[in-house]
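Its first residue numbered 0, the sequence shown is counted upward by one per residue in numbering that gives the first Met the number 0. Just so you know, even glycine gets a beta-carbon here, dropped at the ideal spot from N, CA and C. Please read the structure below before turning to the comments.
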Amino acid sequence: MLALVFSGFTSVNLQAQERISGVVLEDLTISGSLFSLTTFVGVTFQSCAFFGSRIENCEFVDCNFIDCSFQFSEITHCNFNSCEFRGNEWDYTPVKRSKLRDCKMDGRSSYYLTKHDSYLTQCFELPTDWDDVPPDEDDVQEDSGFFSQLLGKAA
């Protein structure tokens, strides 16, 4: 069962294997919930907060995630087709073993959506400002004595 809390006032319960179509969800707070085996078609998540939630084995088709916050959540084994990700925050929310096809995304979202073992096909939108893309910890290289000498730097 999925409990959606809208602005802290209204609660909507959804059973697994639901299909949600053509709605705009604004300022929605989803906390400690499980999305499982649910299909979302033409749904826009605008300024929504996903906190401590699991989204697994879901299908998202023509959905928009705009200015959302994903915190301490996990997205696993999901399919995203023709979706858009713009202005989202990804705090401790891995996206694992998911497939994204024909999606548009800003630089920050593309970084977090591809950081783990998800598969992207025909998706990408170059960021307008590379400063918005966080550096990958694995790409940081230290100067070694050998390469520093080749570059004329003191070791």
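Check: Around the C-beta of residue 18, are 16 or more other C-beta atoms found within 10 angstroms, so that it is buried, or is it exposed?; Outcome: exposed
Check: Beta-carbon within less than 6 Å of residue 80's beta-carbon, same chain only, minus the 5 sequence neighbours each way: which residues are those?; Outcome: 60, 100
Check: Count the other CB atoms within 10 Å of the CB of residue 91; is the residue buried (16 or more) or exposed (fewer)?; Outcome: exposed
Check: With burial defined as no fewer than 16 other Cβ atoms inside 10 Å of the residue's Cβ, what is the status of residue 120: buried or exposed?; Outcome: exposed
Check: Report the option in 85, 78, 74, 96 whose CA atom is closest to the CA atom of residue 39.; Outcome: 78
Check: Leaving out five residues on either side along the sequence, give the residues of the same chain with a beta carbon under 8 Å from the beta carbon of residue 71.; Outcome: 50, 51, 90, 91, 92
Check: Leaving out five residues before and five after residue 55 in sequence, what residues of the same chain have Cβ atoms less than 6 Å from its Cβ?; Outcome: 35, 75, 76
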